[in-house]
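Trainee:
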Amino acid sequence: MSSVKLSDVLSAMSYALDLTEGQPQGHAARSCLIGMRLAEELRLPADERSDLFYALLMKDAGCSSNAARVSQLFGGNDQDAKRGLWERDWRKWREKIAYALEYTEPDGTLVERLRRFGVLALVVDAKSAFTYQHSDRVAAIAEAIAAEMALSDAARVRLRRAALLHDIGKLSVPNRILDKPGKLDEDEWTVVRTHPHFTYEILARVPVFSEFAYDASSHHERIDGRGYHRGVPGEALSQTARILAAADIFDALSAARPYRDAMPLDRVLGILHEGRGTHLCPLTVDALSAAVAKGTTFLPHGQAIRAADIAAAGR
Ligand SMILES: [Fe+2]
Ligand SMILES: [Fe+2]
567 MSSVKLSDVL
577 SAMSYALDLT
587 EGQPQGHAAR
597 SCLIGMRLAE
607 ELRLPADERS
617 DLFYALLMKD
627 AGCSSNAARV
637 SQLFGGNDQD
647 AKRGLWERDW
657 RKWREKIAYA
667 LEYTEPDGTL
677 VERLRRFGVL
687 ALVVDAKSAF
697 TYQHSDRVAA
707 IAEAIAAEMA
717 LSDAARVRLR
727 RAALLHDIGK
737 LSVPNRILDK
747 PGKLDEDEWT
757 VVRTHPHFTY
767 EILARVPVFS
777 EFAYDASSHH
787 ERIDGRGYHR
797 GVPGEALSQT
807 ARILAAADIF
817 DALSAARPYR
827 DAMPLDRVLG
837 ILHEGRGTHL
847 CPLTVDALSA
857 AVAKGTTFLP
867 HGQAIRAADI
877 AAAGR
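Per my numbering, the very first residue in the sequence shown carries number 567; after that it's consecutive.
(1) Just checking my contact of A705 with R726 at CB under 8 Å: how many whole Å lie between their CB atoms?
(2) Rounded to the nearest angstrom, what separates L810 and G735 at their Cα positions?
(3) Which whole-angstrom value describes the C-beta separation of P830 and H795, a residue pair presumed to lie in contact below a C-beta threshold of 8 Å?
(4) Taking C-beta to C-beta, are H732 and A782 nearer than 7 Å?
(5) Who pairs with R808 in a beta bridge, going by DSSP?
(6) Classify G748 as buried or exposed, calling it buried when 16 or more other Cβ atoms lie within 10 Å of its own Cβ.
(7) For L846, list the residues DSSP reports as bridge partners.
(8) From D852 to E614, what does the alpha carbon distance come to, in whole angstroms?
(9) Is it buried or exposed, A827, if we count other Cβ atoms within 10 angstroms and call 16 or more buried?
(10) Check the C-beta distance from I743 over to V757 and give it rounded, since I have them as a contact under 8 Å.
(11) Would F864 and I711 qualify as a contact pair, given that the criterion is a beta-carbon distance under 7 Å?
(12) In the DSSP assignment, find the alpha helix (DSSP H) that holds T544 and state where it starts and stops.
(13) Kindly indicate which residue of D751, L819, F775 has the alpha-carbon position closest to the one of L730.
(14) For the candidate residues L599, L608, D832, whose alpha-carbon lies nearest to that of L622?
(15) Identify which residue in T765, P740, F764 has its Cα closest to the Cα of W754.
(16) For C847, I'd like the list of residues in its chain whose CB is within less than 6 Å of its CB, leaving aside the five on either flank, ordered along the chain.
(17) Taking the alpha carbon of A728 as the point to measure from, which residue in T765, L737, R759 has its own alpha carbon closest?
Written as structure tokens, this is what we have:
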């Protein structure tokens, strides 16, 4: 950082502020987002980005005197939050994330809780430029599929929550891997493939999220049983898990990446159709195709997103 010019910092700052215009309230998420966009503009090394991410995320939760602020941030109960702080091993990042989840608006209305989910998803997505707004888009795509399949309201709520937090285990993957512009080597893939396991570990330990922990952590499973991280066959995958898998691949292919442009929609759908019955549940792929054919767009709807932001995020 010492060799960075002030003008670079200022231009990066204005860029980051532009990007965050219209984002929901949420101090940790905003700090995280701004900090990670700055890191990107300043081209900080991957290791420093990882350190910065965790520092920004948990800077208010490092000691018990900040419990009230943490509680306010996540909308929970101050006393419970303080007690929770002492019960955590703060050296472990999983503990930190589980803490944040557990005290997310425990008594809030459904709408309020869902808003907080969006903030948490924003934090997950902020870690890497590659995953910027990914969780939010996956939630929007999953909801479109659910509408086509006429899922019940309760199932849709569970699906949306699982979608917003499906990649929370990616917080365990170092930025040097997440942000690598080229192909990953075998060792790096091995690390990436652990992220659904950590999604499960985090969500399962928070009672209110445990009901969708298994589904959320099954988004890289395949209908033929050759997915990861459990490698279970289609019979073991719920409708929620199947929808998440399709929505996740759809967004991964259709979002622009630093090393390639966004794939055209018909090509994305072609790849999904090729995977019917092997990678993906045929009914789910058909429902997604039907939604696309109707002209459904999958902009995140938890926040006001400008098209320019999405384009910038996809670099
Ligand atoms: Fe994933
Ligand atoms: Fe994902």
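Yeah, the Cβ is synthetic: ideal placement off N, Cα and C, and Gly gets one too.
Mentor: Quick look at the numbers:
(1) With a Cβ gap of about 5 Å, A705 and R726 count as contacting.
(2) Those two C-alpha atoms are separated by around 15 Å.
(3) Distance from P830 to H795 at the Cβ level is roughly 31 Å; contact not present, criterion being Cβ atoms closer than 8 Å.
(4) Yes, the Cβ-Cβ distance between H732 and A782 is below 7 Å.
(5) Answer is none; R808 lacks a bridge partner.
(6) G748 comes out exposed.
(7) R842.
(8) Each residue's CA atom was taken as its position, placing D852 and E614 some 43 Å apart.
(9) Note on residue identity: the sequence assigns Asp, not Ala, to residue 827. Residue environment analysis places D827 among the exposed positions, since fewer than 16 neighbouring C-beta atoms fall within 10 angstroms of its C-beta.
(10) Indeed they touch by this definition, with Cβ atoms about 6 Å apart.
(11) Taking 7 Å as the Cβ cut-off, F864 and I711 do not qualify as a contacting pair.
(12) The chain is shown from 567 up to 881; residue 544 falls before or after that span and cannot be answered.
(13) Here the closest residue by C-alpha is F775.
(14) That would be L599, whose Cα lies nearest to the Cα of L622.
(15) It should be noted that the sequence gives Glu, not Trp, for residue 754. Considering only T765, P740, F764, the residue with the shortest C-alpha distance to E754 is P740.
(16) Here the set comprises I789, R808.
(17) Ranking the options by Cα distance to A728, first place goes to T765.
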